[in-house]
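There are 2 protein chains.
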Amino acid sequence: MPEFLKLVPPQQAVEQFLAAMPDPTPETISLETQFAEGRVLAETFHAPHPLPPFTRSSVDGFAVRAADTFGASPSLPAYLTIAGEIEMGKQAALAIQPGQAALVHTGGMIPTGANAVVMLEDTQTIRAGEVEVHKPAADGENILREGEDVATGEELFSYGTLLRPQEIGGLIAYGYTQIRVYRNPTVGILSSGDEIVPPGYEPGPGQVRDINSYTLGAMLRLHGADPRVYGIVHDSFDELESAVRRAFTENDMILITAGSSVSTRDITADVIDSLGSPGVLFHGLALRPGKPTILALAEGKPVIGLPGNPVSAIVSAGLCVLPVLRKLRGLGQVSFKAAVQATLSQNIPSIAGREDYLPVRLEHGSEGITAVPVFGRSNLIFTLVRADGLVRIPAAVTGLTGGSPVDVILFS
Amino acid sequence: MPEFLKLVPPQQAVEQFLAAMPDPTPETISLETQFAEGRVLAETFHAPHPLPPFTRSSVDGFAVRAADTFGASPSLPAYLTIAGEIEMGKQAALAIQPGQAALVHTGGMIPTGANAVVMLEDTQTIRAGEVEVHKPAADGENILREGEDVATGEELFSYGTLLRPQEIGGLIAYGYTQIRVYRNPTVGILSSGDEIVPPGYEPGPGQVRDINSYTLGAMLRLHGADPRVYGIVHDSFDELESAVRRAFTENDMILITAGSSVSTRDITADVIDSLGSPGVLFHGLALRPGKPTILALAEGKPVIGLPGNPVSAIVSAGLCVLPVLRKLRGLGQVSFKAAVQATLSQNIPSIAGREDYLPVRLEHGSEGITAVPVFGRSNLIFTLVRADGLVRIPAAVTGLTGGSPVDVILFS
């Protein structure tokens, strides 16, 4: 049996675990940029040219020399000769001489000589070839200068960046249509326990279907991993050890959900500890649900033992597995967690020294949003099916009072 | 030209638009449940049997008749005969007679006759075949009754449910390994504008690469749509009309990002209005960035015109396209939006009567989280690359004061 360490709060355990984990060196793959959303960039890009690549108008109007519009007003317009129109998508074919203006569209190139654009609504064209300007333009007004957004040589993106739609756009703006991203980490998932049967199997008396492999698989896929379900292993050290070792060899991380009997849990912990050094770093967390979580490292590879109870497995995976997955993906940790602010509907007791996560349903009412606890003594999966998110009750607190404000972290 | 309606706030326009949209009748496809996360269920399920399917123990301990433990304490234990051990995953093979107990593991079946479980730590076995109980057990203590989570016939899931990991688990708990889900809506995306060139093309003077098709495509894929990029169409009514009509016929919704010149925008609006009735419902929203948004319905199909500016296109798509996509997917609207609470770093002016969305970067400091506006006069895509999310400045407000609390909606 591994050494049992004191129960530590989940955040602290995860921080220490991440610090003990070696920096990953994920393989990279080449991907079309347009399909790379949700991937992690494996290259660093510097701007080969400025953005905008040319000085352009931000409005529809007339490109002018600002000095020519000095003091212009509706009663005393500046009269300028129209030198022509700037065609979209073409080099500005003319130059503005003093006393001249050129019609320009939003995004059109500012012609040589001009240094401002007067908006169309501040002008009037009465005679052909001439425009009345009713408002003075300052130098640079309504103009986007070349390089204003990005200067040449500026770092555009660095490796380790999560690609959101805007990063896809930024890469494509520079013509990077094919990029290198990290391969999604593979995660082997095993279930142990003699009472567990596969989903397609009709459970006999005392048996339950394996659902953890699939809730965890879905969760992992939603967070950028490539899960592989290895199925159910029976309660024997040798059988479990050989299945776990195979999954361990074939993946970047493995998750084992332990059956609920003591002997299965013990065997699981022993097998995890046998995989390699340093072995089990945390066995049990000051967390509910999710206490029987095991965090281990074997030859630098994360091996996480999760509770067999499906709700505990999901809560513990959210707190422990997802941060480890981010590290494996080459991403930094999340510093900001979005939450819905709500009012708790009733008192909730909690034990000091243990972090509690309470599933809640959100309800709109005249008083705003209420968080209603979803109780389920049995703590089966339907507790979470009925919930919108979780409320964290910190370890230092002995409960929450009905009517107090709470932050609800929504399930993704 | 379509009739220009008054500029309305985006939420109001979207609500009216959704009300005008017919209820979708999405096609369904069959999918393996384990790979269905993020899909929308197209069937309704009622429980064919209770969950838990049998009465089971929630702890490791001894199954007893509660009455036999009445008054038990460490100094005055109740002595019970051990009738045997309940094997995991098997029918409980014995029945508990008065004065008897059976060893049971967490999740194990409660044998006939027993109505409570005494936790292992509240017992002691000194003589073989006998257990000392040190604590009385109440009727039902540490027992999960058959059907406590779900009763037979109860509705488990209804069509229109978004499948999260827990729903996958709930379906599999009942052995539903293959389910019907809605096909993801297809969305045709077109770009208009003579200055726009494809991503792989080297832009000439005055030209810019098409990035909106790809930022929007990525955004749509992340939200359960199947986007199809139709490419760039030049500024001619006939050319645009024929391309748009083809995309309109082939998809559940179409998006057209207009080029930035007035003539392109006019042609785009005219083409959208020509597709069918009722045509353009909203042309221009009280929104910045994103004002030149067009919301149209043609023969019941949504056709949305988005601004050519990439930041405006993303903001407007987030507010207008995603709710429409939810309806097309057969989902209800989101009632709760998770946000990060932060303190605004500086004063931000805003015009009353218009909803402003301000890109911000989040910074951790000793005082908590600060939202720092990301300015970009040019409003190019890199403004959003540098931002973590958006702060909404309501229409009734003329600006936000530095130091005031703001809700930041993170980009997904």
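Going down the list, the sequences are from chains A and B. Take the first sequence: its position 306, counted from the start at 1, is 306 in the numbering used here, and no numbers get skipped. If you count the second sequence from 1, you need to add 1000 to reach the numbering used here. We put the CB at the ideal spot given by N, CA and C, even for glycine.
Length of the line joining the Cα atoms of A/Thr257 and A/Ile189: As the crow flies, the alpha-carbon of A/Thr257 is around 8 Å from that of A/Ile189.
Cutoff 8 Å: A/Ile211 Cβ touching any chain B Cβ: Residue-level contact by beta carbon holds for A/Ile211 and chain B, with a gap shorter than 8 Å.
Meets three-Cβ-pair contact criterion under 8 Å: the segment 165 to 184 of chain A and the segment 36 to 46 of chain A: In short, these stretches touch, since the Cβ pair count reaches three.
The segment 69 to 82 of chain A in contact with the segment 165 to 174 of chain A per 3-pair CB rule at 8 Å: Between the segment 69 to 82 of chain A and the segment 165 to 174 of chain A there are fewer than three C-beta pairs closer than 8 Å, too few to call the two in contact.
7 Å Cβ cut-off: residues of chain A touching B/Thr1177: What B/Thr1177 touches in chain A: Pro199 and Gly200.
Chain B contact residues for A/Leu362, given Cβ-Cβ distances below 8 Å: Listed along chain B are Ser1335 and Phe1336, each with a C-beta nearer than 8 Å to that of A/Leu362.
Segments assigned beta strand (DSSP E), at least 3 residues, entirely inside the segment 1091 to 1166 of chain B: The qualifying runs are 1100 to 1104, 1116 to 1119, 1130 to 1133 and 1155 to 1157.
Neighbourhood of B/Gly1094 by C-beta, 7 Å cutoff - its chain only, sequence neighbours within 5 removed: The question names Gly, but residue 1094 of chain B is Leu in the sequence shown. Cβ-Cβ distances below 7 Å link B/Leu1094 to Ala1083, Gly1084, Ala1102 and Pro1111 in the same chain, with the five nearest sequence neighbours on each side left out; the list follows chain order.
Buried or exposed (CB count within 10 angstroms, at least 16 for buried), B/Phe1375: Taking all protein chains in view, the Cβ of B/Phe1375 is surrounded by fewer than 16 other Cβ atoms within 10 Å, so the residue is classified as exposed.
Residue-chain proximity (A/Lys90, chain E), Cβ-Cβ < 8 Å: The chain labelled as chain E is not found among the protein chains of the depicted structure, namely A and B.
Below-8 Å beta-carbon distance, A/Leu410 vs any chain B residue: Taking Cβ atoms only, chain B reaches closer than 8 Å to A/Leu410, which makes this a yes.
Contact set between A/Tyr79 and chain B, taken where Cβ atoms lie within less than 7 Å: Counting only Cβ-Cβ distances below 7 Å, A/Tyr79 has no contacts in chain B at all, with the closest Cβ about 23 Å away.
Beta-carbon proximity of B/Val1340 to B/Ile1314, cut-off 8 Å: No.
Closest by C-alpha distance to B/Glu1355, when choosing among B/Lys1291, B/Arg1209 and B/Thr1025: Among B/Lys1291, B/Arg1209 and B/Thr1025, the Cα nearest to that of B/Glu1355 is on B/Lys1291.
Exposed unless 16 or more other CB atoms sit within 10 angstroms - verdict on B/Gln1012: With fewer than 16 Cβ atoms within 10 Å of its Cβ, B/Gln1012 is classed as exposed.
Test item: CB-CB of B/Asp1388 and B/Leu1362 under 8 Å: Yes. Within cutoff.
Boundaries of the beta strand (DSSP E) in which B/Ile1256 is found, first to last residue: Segment Met1253 to Thr1257, the beta strand (DSSP E) holding B/Ile1256.
C-beta atoms of B/Phe1248 and B/Leu1216 nearer than 8 Å: Their beta carbons are not under 8 Å apart, which means B/Phe1248 does not touch B/Leu1216 by this criterion.
Inter-residue spacing [alpha-carbon to alpha-carbon] between B/Met1088 and A/His234: Taking the straight line joining both Cα atoms gives about 11 Å.
DSSP state of A/Pro323 mapped onto helix, strand, coil: The answer is helix: DSSP assigns A/Pro323 an H, G or I state.
Closest Cα partner of B/His1139 within the set B/Ala1063, B/Leu1162, B/Tyr1201 and B/Val1372: Looking at the sequence shown, residue 1139 of chain B is not His but Asp. Residue B/Ala1063 is the option with its Cα nearest to B/Asp1139.
CB of B/His1283 within 8 Å of CB of B/Ala1269, strictly: B/His1283 places its beta carbon less than 8 Å from that of B/Ala1269.
Minimum Cβ-Cβ distance from A/Asp273 to chain B less than 8 Å: Closer than 8 Å: no.
CB of B/Val1133 within 8 Å of CB of B/Ser1057, strictly: Judged by their CB atoms, B/Val1133 and B/Ser1057 are not nearer to each other than the 8 Å cut-off.
C-beta contact flag for B/Leu1018 and B/Leu1285 at 8 Å: In this structure, B/Leu1285 does not lie closer than 8 Å to B/Leu1018 by Cβ.
Endpoints, the beta strand (DSSP E) within which A/Ala298 is located: From DSSP, the beta strand (DSSP E) with A/Ala298 extends over Ile294 to Ala298.
Residues near A/Val131 by beta carbon distance below 6 Å, same chain, minus five either side: Residues of the same chain with a CB within less than 6 Å of the CB of A/Val131, apart from the 5 flanking positions on each side, are Phe62, Leu80, Ile82, Ala101, Thr123 and Thr125 in chain order.
Neighbourhood of A/Leu331 by C-beta, 7 Å cutoff - its chain only, sequence neighbours within 5 removed: Val40, Gly160 and Leu162, listed in sequence order.
Burial state of B/His1223 (16 or more Cβ within 10 Å): Under the 10 Å beta carbon count, B/His1223 is surrounded by 16 or more other beta carbons and is classified as buried.
Buried or exposed by the 16-neighbour rule on C-beta atoms within 10 Å, applied to A/Gly153: Exposed, by the Cβ-count rule.
Which of helix, strand or coil DSSP assigns to B/Phe1282: The answer is strand: DSSP assigns B/Phe1282 an E or B state.
Minimum Cβ-Cβ distance from A/Glu195 to chain B less than 8 Å: Interface flag for A/Glu195 against chain B is set, since a Cβ pair is found closer than 8 Å.
Between the CA atoms of B/Lys1090 and A/Pro24 - distance to the nearest angstrom: Going from the Cα of A/Pro24 to the Cα of B/Lys1090 covers about 44 Å.
Residue nearest to B/Pro1394 in terms of C-alpha spacing, selected from B/Ala1296, B/Ala1352, B/His1364 and B/Arg1145: Selected option, being the one with the closest Cα: B/Ala1352.
Partner residues on chain A for B/Ile948, Cβ-Cβ distance less than 7 Å: Nothing can be reported for residue 948 of chain B, as the shown portion of chain B is limited to 1001 through 1412.
Alpha-carbon spacing of A/Pro227 relative to A/Arg221, whole angstroms: A/Pro227 and A/Arg221 have their C-alpha atoms spaced approximately 7 Å apart.
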